[in-house]
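Peer 1: Take a look at this one; I'll ask things after.
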Amino acid sequence: MMKICSEGKEFDVLIENLKCSTMLSDMLQDIETTNEPIILKNVSASVLEKVIDYMNNPNDTFCSNIPYPLLCNVILAANYLHIQPLLDLGCKTIADVFKGKTLEEAKVAFNITTELSAEEIEHICRENPWCMQVDDGTNEDKYVSR
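In structure tokens form, the structure reads like this:
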């Protein structure tokens, strides 16, 4: 058993379950004893609790009942801790919410209230041309009209 700490809160995790995190697995190899807890300053206790829940019981529906703001932080933590299956699952969960929605429906689903100016949109499109591509399965380059 290993202890992981964040914000003064300790969580017990089986060492075997830590191995789904490349970062934590590497840290385990670098320490000589499991008596000292691993302290994670970059992950809040509430997010770490969810991540550890996943490590203890990984399943394909794990992210489906996590509120959107918390899920975004779980995704960031999965990326930071190098837990690829959780990162993939979290991103897929968010993508599934967007799938088939209009821009306005997506804004409502994710409580997005800020409007971008035309200049901001143009800058984003210039910096990230791929974000305007449409994948319709034809392997032809098609773009969203602005």
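Numbering (UniProt numbering), first residue to last: 1 to 146. Backbone N, C-alpha and C define an ideal beta-carbon position, used for all residues, glycine too. Everything numeric in this text was worked out from a predicted model, so none of it was measured.
Among ASN56, SER64, LYS107, ALA106, whose alpha-carbon lies nearest the alpha-carbon of ASP88?
Peer 2: Answer by Cα proximity: SER64.
Peer 1: At what residues does the beta strand (DSSP E) containing SER44 begin and finish?
Peer 2: Run containing SER44: none; DSSP gives neither H nor E here.
Peer 1: Quick one: Cα of GLU122 to Cα of PRO129, how far?
Peer 2: For GLU122 and PRO129, the distance between alpha carbons rounds to 10 Å.
Peer 1: Is there contact between the region 94-106 and the region 33-43, where contact requires at least three CB pairs shorter than 8 Å?
Peer 2: Short answer: they don't touch.
Peer 1: From MET23 to ASN79, what does the alpha carbon distance come to, in whole angstroms?
Peer 2: Their backbone Cα atoms lie some 10 Å apart in a straight line.
Peer 1: Please identify the residue among MET27, ASP26, LYS19 whose C-alpha is closest to the C-alpha of ILE52.
Peer 2: ILE52 has its Cα closest to that of LYS19, out of MET27, ASP26, LYS19.
Peer 1: Could you give the residue range of the alpha helix (DSSP H) that holds LYS92?
Peer 2: Note, LYS92: alpha helix (DSSP H), 84-98.
Peer 1: Looking only at its chain, what residues have a beta carbon closer than 8 Å to the beta carbon of LEU70, apart from the 5 residues adjacent to it on each side?
Peer 2: Taken in chain order, the residues that qualify are SER46, VAL47, LYS50.
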